[in-house]
Amino acid sequence: KAEGGRPTRKANFVVVANRLPVDRVEHPDGTTTWRTSPGGLVTALEPVMHSHHGAWVGWHGAPDEVLDPFENDDLELVPVPLSEAEVADYYEGFSNATLWPLYHDVVAPPEFRREWWDAYVRVNQRFADRTAAVADQGAVVWVQDYQLQLVPQMLREQRPDLRIGFFLHIPFPPTELYIQLPWRDQILRGLLGADLVGFQLGGGAQNFLRLVRQRLHLDTRREFVHASDGRTVMARAYPISIAAQSMHDLASSEATAHRAAEIRDDLGNPKTLFLGVDRLDYTKGLPERIQAFGELIAEGKIDPDEAALVQVATPSRERVEQYRHLRDDIDRQVGRINSEVGRIGRPPITYLHASYPREEMAALYRAADVMIVTPLRDGMNLVAKEYVACRQADDGALVLSEFAGAARELRQAYLINPHDIDGLKETMVEAMNAPARVKARRMRLLRRQVFEHDIDHWARDFLDDLDRVTADQMDWPAR
Ligand code: ADQ
Numbered sequence: 001k002a003e004g005g006r007p008t009r010k011a012n013f014v015v016v017a018n019r020l021p022v023d024r025v026e027h028p029d030g031t032t033t034w035r036t037s038p039g040g041l042v043t044a045l046e047p048v049m050h051s052h053h054g055a056w057v058g059w060h061g062a063p064d065e066v067l068d069p070f071e072n073d074d075l076e077l078v079p080v081p082l083s084e085a086e087v088a089d090y091y092e093g094f095s096n097a098t099l100w101p102l103y104h105d106v107v108a109p110p111e112f113r114r115e116w117w118d119a120y121v122r123v124n125q126r127f128a129d130r131t132a133a134v135a136d137q138g139a140v141v142w143v144q145d146y147q148l149q150l151v152p153q154m155l156r157e158q159r160p161d162l163r164i165g166f167f168l169h170i171p172f173p174p175t176e177l178y179i180q181l182p183w184r185d186q187i188l189r190g191l192l193g194a195d196l197v198g199f200q201l202g203g204g205a206q207n208f209l210r211l212v213r214q215r216l217h218l219d220t221r222r223e224f225v226h227a228s229d230g231r232t233v234m235a236r237a238y239p240i241s242i243a244a245q246s247m248h249d250l251a252s253s254e255a256t257a258h259r260a261a262e263i264r265d266d267l268g269n270p271k272t273l274f275l276g277v278d279r280l281d282y283t284k285g286l287p288e289r290i291q292a293f294g295e296l297i298a299e300g301k302i303d304p305d306e307a308a309l310v311q312v313a314t315p316s317r318e319r320v321e322q323y324r325h326l327r328d329d330i331d332r333q334v335g336r337i338n339s340e341v342g343r344i345g346r347p348p349i350t351y352l353h354a355s356y357p358r359e360e361m362a363a364l365y366r367a368a369d370v371m372i373v374t375p376l377r378d379g380m381n382l383v384a385k386e387y388v389a390c391r392q393a394d395d396g397a398l399v400l401s402e403f404a405g406a407a408r409e410l411r412q413a414y415l416i417n418p419h420d421i422d423g424l425k426e427t428m429v430e431a432m433n434a435p436a437r438v439k440a441r442r443m444r445l446l447r448r449q450v451f452e453h454d455i456d457h458w459a460r461d462f463l464d465d466l467d468r469v470t471a472d473q474m475d476w477p478a479r
């Protein structure tokens with residue numbers, strides 16, 4: 001039920017993200033409505049949005065279209081327009097072909113193009129302008145992620161009254177890699193416009209603080225920066241999580257139980273069902289995982305009559321060249337393995353290049369005996385936490401890369417180095433064959449961790465700290 005019209009009241013809580021949390025639905029009669037996308041962030045922030053007068057500033061997903069602010073599901077949405085060229089330069093270019101690979105340990109080479117940077121600056125300025133126009137005096141503004149790192153400073157220049165938080169969902173890289181960026185100092189200054197800069201892990205906050213000292217010659221004490229305008233900025237870790245209880249409830253339903261059984265049945269009721277679920281991204285370690293599984297079958301260490309791998313890969317960033325190559329590579333790799341070791345009606349790998357509703361994801365998680373999460377670098381990885389939340393008993397096993405942020409919290413997972421294919425293979429076999437009591441001990445601890453640290457916990461921690469920093473109630477270190 002989309003409604004037109006400008007907002008009448010200014011907002012005192014504003015989320016700023018590249019995308020609005022809605023998708024457009026086109027109806028056969030030509031009308032369009034909006035549907036709230038199932039993301040964790042919008043779910044977590046809904047209570048805060050409603051208890052305050054909240055607004056969300058972001059792109060609505062269609063290039064070359066200017067839309068008025070509108071309300072959907074009681075959320076006030078403020079669309080930021082992007083031209084076709086800006087989508088190519090700011091989003092696909094600077095965000096996803098420069099920053100994304102640079103911040104993920106340069107697992108793919110980042111491209112540095114000056115026209116992409118220009119577009120990034122221009123679009124960040126537009127987001128800042130829209131936000132400045134809708135935010136009430138003294139409002140809390142929470143800027144999200146790597147696409148908008150200049151917004152905090154741009155916003156502060158116009159609106160020093162605002163309380164500004166920033167959260168980075170991806171890793172913040174080691175200084176040796178970060179300093180490759182031709183615009184390294186501008187981005188540090190952009191982030192320092194915030195009162196609180198949040199990272200997934202303490203290591204990211206440390207990298208940031210070190211760079212601020214080295215590059216900008218600012219004084220830092222513990223997790224505080226003494227900014228050049230006299231403000232104190234805090235940099236700290238807030239590991240993001242999921243809506244664990246609602247994920248668990250979904251997985252526990254009769255319908256999900258039925259669908260999970262059906263999935264196993266369709267696969268020939270294997271003794272062990274391995275599952276991988278990722279956005280199709282070169283950071284996620286898909287080739288390594290598929291390689292390991294293929295070798296285990298070829299060497300007879302996994303019997304294809306007794307085990308199957310389902311790999312679900314959500315289509316992603318298909319206009320960026322490296323993503324197109326990755327897709328072709330994986331198609332070939334899966335095809336080769338299935339043709340070499342598969343038998344009629346029983347390919348060992350079921351590969352699905354598609355996005356599924358939450359219900360289907362819950363059924364897959366519930367059906368799987370061994371979840372394999374093997375990113376080469378990942379800010380957090382919510383898939384690992386979703387699998388744990390969907391367990392019905394203390395069963396199942398999680399094989400998890402040390403290079404996922406989630407490995408810091410999920411210590412009882414079967415941790416692996418995805419670059420070490422032999423180690424990965426050994427651990428997959430170990431997880432497959434582990435006695436029930438060993439798996440139960442591990443899973444019990446994992447479940448406790450995920451349920452005690454859910455998405456509400458994350459949002460509350462961040463916003464409480466932002467309140468304290470801006471109210472000057474922090475225990476500031478002596479200078
Ligand atoms: P992503 O790189 O997208 O997120 P992840 O944290 O795993 O990675 O989140 C993916 C989400 O998409 C999960 O909720 C998952 O259920 C869903 N999903 C994946 N495949 C799907 C499919 N085929 N169909 C439907 N849904 C699918 C970035 C960072 C992460 C960080 C998050 C949150 O890269 O490190 O954890 O942001 O901060």
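Under our numbering, the first residue of the sequence shown carries the number 1, and numbering increases by one thereafter. Here a beta-carbon is modelled for each residue, glycine too, at the ideal position from N, C-alpha and C.
Backbone secondary structure at residue i - three-state DSSP
{"i": "phenylalanine 94", "result": "helix"}
{"i": "leucine 244", "result": "One point to set straight first is that residue 244 is alanine, not leucine, in the sequence displayed. Three-state result, alanine 244: helix."}
{"i": "glutamate 84", "result": "helix"}
{"i": "lysine 10", "result": "coil"}
{"i": "proline 47", "result": "helix"}
{"i": "proline 295", "result": "According to the sequence provided, residue 295 is glutamate. The question's proline does not apply to it. The answer is helix: DSSP assigns glutamate 295 an H, G or I state."}
{"i": "lysine 1", "result": "Note that lysine 1 scores 34 on pLDDT, short of 50, meaning its location in the model is unreliable and no value can be drawn from it."}
{"i": "isoleucine 179", "result": "coil"}
{"i": "proline 101", "result": "helix"}
{"i": "methionine 234", "result": "strand"}
{"i": "arginine 317", "result": "coil"}
{"i": "valine 42", "result": "helix"}
{"i": "arginine 437", "result": "helix"}
{"i": "glutamate 452", "result": "helix"}
{"i": "threonine 220", "result": "strand"}
{"i": "valine 141", "result": "strand"}
{"i": "isoleucine 344", "result": "coil"}
{"i": "alanine 62", "result": "coil"}
Unbroken alpha helix (DSSP H) run spanning residue i, endpoints
{"i": "phenylalanine 127", "result": "114-134"}
{"i": "threonine 470", "result": "455-470"}
{"i": "phenylalanine 172", "result": "Element bounds for phenylalanine 172: n/a, residue is neither H nor E."}
{"i": "glutamine 158", "result": "151-158"}
{"i": "leucine 191", "result": "184-192"}
{"i": "leucine 216", "result": "202-216"}
Start and end residues, beta strand (DSSP E) containing residue i
{"i": "tryptophan 59", "result": "54-59"}
{"i": "aspartate 328", "result": "Looking at the DSSP string, aspartate 328 is not in any beta strand (DSSP E); the run it does join, the alpha helix (DSSP H), is 321-341."}
{"i": "proline 79", "result": "75-79"}
{"i": "threonine 36", "result": "32-36"}
{"i": "glutamate 26", "result": "22-26"}
{"i": "leucine 196", "result": "196-199"}
{"i": "glutamate 71", "result": "70-72"}
Any non-hydrogen atom of the ligand ADQ closer than 7 Å to residue i Cβ
{"i": "glutamate 386", "result": "yes"}
{"i": "isoleucine 349", "result": "no"}
{"i": "arginine 259", "result": "no"}
{"i": "isoleucine 372", "result": "no"}
{"i": "glycine 405", "result": "yes"}
{"i": "histidine 169", "result": "yes"}
{"i": "glutamine 207", "result": "In the sequence under discussion, the amino acid at residue 207 is asparagine, which differs from the glutamine named in the question. No; taking the cut-off as 7 Å, the Cβ of asparagine 207 has no heavy atom of the ligand ADQ nearer than that."}
{"i": "isoleucine 240", "result": "yes"}
{"i": "serine 355", "result": "yes"}
{"i": "asparagine 381", "result": "yes"}
{"i": "arginine 279", "result": "yes"}
{"i": "valine 312", "result": "yes"}
{"i": "aspartate 105", "result": "no"}
{"i": "aspartate 331", "result": "no"}
{"i": "methionine 428", "result": "no"}
{"i": "methionine 361", "result": "yes"}
C-beta atoms of residue i and residue j nearer than 8 Å
{"i": "proline 69", "j": "valine 42", "result": "no"}
{"i": "aspartate 454", "j": "alanine 244", "result": "yes"}
{"i": "glutamine 147", "j": "asparagine 18", "result": "yes"}
{"i": "valine 57", "j": "phenylalanine 13", "result": "no"}
{"i": "valine 373", "j": "leucine 196", "result": "no"}
{"i": "alanine 363", "j": "alanine 440", "result": "no"}
{"i": "phenylalanine 166", "j": "alanine 135", "result": "no"}
{"i": "alanine 407", "j": "leucine 400", "result": "yes"}
{"i": "glycine 379", "j": "glutamine 144", "result": "no"}
{"i": "leucine 280", "j": "histidine 169", "result": "no"}
Those runs of the alpha helix (DSSP H) which lie wholly inside the stretch 390-422 and span at least 4 residues: Entirely contained in the stretch 390-422, not one alpha helix (DSSP H) run reaches 4 residues.
Let me know the alpha helix (DSSP H) ranges lying completely inside the stretch 247-292, each 4 residues or longer, listed in chain order. Complete alpha helix (DSSP H) runs here, min 4: 254-266.
Please give me, in chain order, every unbroken run of the alpha helix (DSSP H) with length at least 4 that falls completely inside the stretch 346-386. Listed in chain order, they are 358-367.
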